[in-house]
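Convert by adding 67 to the 1-based position in the sequence shown; the result is the number in my numbering.
Written below as structure tokens is the structure these notes are about.
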Amino acid sequence: MKKIFLIGLVAAAMLTGCNQDETLEMAKKDGAISFSPYVGKATRTQIINNENMQPFHVYGWRTATAGGNAELLFDGQTVQGDGSYTPLKYWETGYKYQFEAIYPKNGESGVAMTTNVGGSTIEYTNDGTKDLVYARSAEKTVTTPDDFTAVGLNFVHLLSRIRFKAKNTFDNNSAMRVTIKKIEILNCTKKATITPGTITEKYVTGKWGGKTESYDLQFIKQQSPSNGSVANDGDDLSNKVLIPGDAIGVSSEVKFVFPGAAGYTIRVTFSVKQLVSGDENGGTAVYTTPIEYVKEFSLSLAENNLNQGNAYAIMLSIGSQAAGDLVPIKFTVGVEPWEANATDIEVVTNE
Numbered sequence: 068m069k070k071i072f073l074i075g076l077v078a079a080a081m082l083t084g085c086n087q088d089e090t091l092e093m094a095k096k097d098g099a100i101s102f103s104p105y106v107g108k109a110t111r112t113q114i115i116n117n118e119n120m121q122p123f124h125v126y127g128w129r130t131a132t133a134g135g136n137a138e139l140l141f142d143g144q145t146v147q148g149d150g151s152y153t154p155l156k157y158w159e160t161g162y163k164y165q166f167e168a169i170y171p172k173n174g175e176s177g178v179a180m181t182t183n184v185g186g187s188t189i190e191y192t193n194d195g196t197k198d199l200v201y202a203r204s205a206e207k208t209v210t211t212p213d214d215f216t217a218v219g220l221n222f223v224h225l226l227s228r229i230r231f232k233a234k235n236t237f238d239n240n241s242a243m244r245v246t247i248k249k250i251e252i253l254n255c256t257k258k259a260t261i262t263p264g265t266i267t268e269k270y271v272t273g274k275w276g277g278k279t280e281s282y283d284l285q286f287i288k289q290q291s292p293s294n295g296s297v298a299n300d301g302d303d304l305s306n307k308v309l310i311p312g313d314a315i316g317v318s319s320e321v322k323f324v325f326p327g328a329a330g331y332t333i334r335v336t337f338s339v340k341q342l343v344s345g346d347e348n349g350g351t352a353v354y355t356t357p358i359e360y361v362k363e364f365s366l367s368l369a370e371n372n373l374n375q376g377n378a379y380a381i382m383l384s385i386g387s388q389a390a391g392d393l394v395p396i397k398f399t400v401g402v403e404p405w406e407a408n409a410t411d412i413e414v415v416t417n418e
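See below:
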């Protein structure tokens with residue numbers, strides 16, 4: 068059977084810096100420890116970036132350069148998205164400093180962090196709706212006041228991001244309309260742990276492990292279809308009738324899953340109806356009764372495993388085969404020819 072589902076991959080956004088020149092000057096003058104957070108660019112509200120960074124937790128240790136045990140200096144300190152916090156703590160010469168940070172904060176939104184100066188461990192309970200970002204600074208030795216500079220916190224995304232697009236592949240002249248009602252990824256991992264380690268570019272050296280529990284991640288929830296609505300460029304696939312003729316419809320919202328080798332089953336619920344008459348845009352269109360279909364298929368990214376910090380767009384191509392091998396109604400036309408040897412009829416009139 069012809070394959071009807073196509074998979075496309077989209078690269079994740081690049082990291083960008085955040086200008087903190089004024090903060091750096093203040094730090095040099097008064098010796099206060101300050102932070103300069105920055106995080107990968109993104110475009111949707113669920114995704115954390117420089118423009119919408121929320122308050123996060125910072126953990127920091129200092130160790131005498133001559134040796135000795137690490138002293139916990141920042142124990143889940145709440146730092147604002149611009150790097151500010153209170154009360155201020157100050158640099159001291161003769162110490163080595165290490166810092167790490169996490170959002171959502173420890174103890175919130177499924178995050179449970181066990182801190183350790185050599186590298187903390189994060190246990191995360193994922194419901195698919197939250198971006199999880201982490202930062203770890205390089206070890207910093209403070210020798211003179213010239214070292215009193217802001218701590219650069221380069222936040223990276225620890226999960227993989229997925230969204231769906233849908234395409235109506237019925238013939239250009241088709242009267243068929245497709246409404247996406249629900250998209251699910253079955254048996255997603257719910258809980259896992261990671262010791263992030265160091266950050267290399269936009270990735271961490273650690274890997275997610277200890278994966279337990281599972282749940283079905285829903286992208287589109289069941290809703291009543293709205294007759295006559297034509298697909299647009301919004302963010303919701305539900306209740307949208309995709310225009311026919313090899314056209315791409317709208318995109319789903321984004322969700323987050325644990326990275327790693329993936330063999331997911333995706334279930335799509337959609338309905339198909341036919342345009343009988345009327346104007347779709349004007350809301351006067353008449354349709355046949357929708358017929359609902361449920362299709363499942365396996366998504367295997369054996370060659371392109373779901374990578375930490377990467378975004379993936381999955382294209383659903385829905386046409387006649389996806390809708391149960393629908394066959395177009397066609398007509399054959401024949402006209403009986405006139406008889407070649409017609410009989411003459413003589414008409415007699417009386418004068």
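A virtual CB, placed ideally from N, CA and C, is assigned to each residue, including glycine.
Could you check which residue in the options has the C-alpha nearest to that of residue i?
i: Thr130; options: Thr211, Pro395, Leu140, Phe123; result: Leu140
i: Pro395; options: Gln341, Val218, Trp275, Gly177; result: Gln341
i: Tyr170; options: Gly143, Ser387, Phe123, Asn377; result: Phe123
i: Pro154; options: Thr160, Gly161, Tyr162, Thr145; result: Thr145
i: Asp238; options: Gln388, Glu159, Glu413; result: Gln388
i: Lys322; options: Leu226, Val125, Asn240, Asn183; result: Leu226
i: Lys172; options: Met243, Val200, Glu159, Asn235; result: Val200
i: Gly186; options: Phe166, Lys234, Gln147, Gln285; result: Phe166
i: Val335; options: Ser384, Trp405, Thr267, Pro357; result: Ser384
i: Val245; options: Pro357, Gly174, Leu284; result: Pro357
i: Ala233; options: Lys248, Val400, Ser241, Asn240; result: Lys248
i: Gly327; options: Asp283, Arg228, Phe215; result: Arg228
i: Thr216; options: Gly98, Thr132, Ala378; result: Gly98
i: Tyr379; options: Thr410, Phe325, Val400; result: Phe325
i: Met180; options: Thr351, Asp214, Val125; result: Val125
In whole angstroms, what is the alpha-carbon distance linking residue i and residue j?
i: Ile381; j: Thr256; result: 19 Å
i: Thr265; j: Asp142; result: 20 Å
i: Gly195; j: Pro212; result: 45 Å
i: Tyr157; j: Gly134; result: 20 Å
i: Tyr360; j: Leu373; result: 28 Å
i: Val209; j: Ala168; result: 20 Å
i: Phe398; j: Arg230; result: 41 Å
i: His224; j: Gln375; result: 7 Å
i: Thr182; j: Ser204; result: 15 Å
i: Ala407; j: Val414; result: 21 Å
i: Thr279; j: Ser338; result: 34 Å
i: Gly161; j: Val218; result: 17 Å
i: Asn136; j: Gln147; result: 29 Å
i: Asp346; j: Tyr152; result: 58 Å
i: Val402; j: Met243; result: 30 Å
i: Val184; j: Asp198; result: 24 Å
i: Ala259; j: Ser241; result: 47 Å
i: Glu66; j: Thr351; result: Nothing in the structure corresponds to residue 66, since the chain is present only between 68 and 418.
i: Asn306; j: Gly150; result: Reliability of the predicted coordinates at Asn306 is poor, the pLDDT of 45 falling under 50, and no value is obtained from them.
Exposed or buried, what is residue i when buried is set at 16 or more other beta-carbons lying within 10 Å of its beta-carbon?
i: Ala202; result: buried
i: Ser344; result: exposed
i: Thr355; result: exposed
i: Ser281; result: exposed
i: Ile250; result: buried
i: Pro311; result: Unreliable positioning characterises Pro311 in this predicted model, as indicated by a pLDDT of 41, which lies under 50. A coordinate reading is not provided.
i: Asn117; result: buried
i: Val400; result: exposed
i: Lys96; result: Low confidence applies here, because Lys96 scores a pLDDT of 36, under 50, leaving its location unreliable; read the following figure in that light. It counts as exposed.
What residues in its chain sit with their C-beta under 6 Å from that of residue i, if we drop five residues either side in the sequence?
i: Glu138; result: Arg129
i: Lys207; result: Tyr164
i: Gly177; result: Tyr191, Thr192
i: Leu393; result: Ser387
i: Gly127; result: Leu140, Phe141, Phe166
i: Glu159; result: none
i: Pro263; result: Tyr201, Val271, Gly273
i: Val353; result: Val343, Ser344, Gly345
i: Asp283; result: Glu251, Leu253
CB-CB under 8 Å to residue i, same chain, minus the five flanking residues each way: which ones, in chain order?
i: Thr332; result: Ile252, Leu253, Asn254, Glu363, Phe364, Ser365, Leu366
i: Ile261; result: Thr188, Ile189, Tyr191, Leu225, Val271, Gly273, Lys274, Trp275, Gly276
i: Trp405; result: none
i: Asp434; result: Examination of residue 434 is not possible in this model, given that the chain is present from 68 through 418 alone.
For residue i, decide whether its Cβ has a neighbour in chain C, counting only Cβ atoms nearer than 8 Å.
i: Lys322; result: Looking at the structure shown, chain C is missing, and only one protein chain is on hand.
What residues in its chain sit with their C-beta under 7 Å from that of residue i, if we drop five residues either side in the sequence?
i: Thr236; result: Asp313, Ser384, Ile385, Gly386
i: Thr132; result: Gly161, Tyr162, Lys163, Thr208
i: Gly391; result: Tyr360
i: Asn417; result: none
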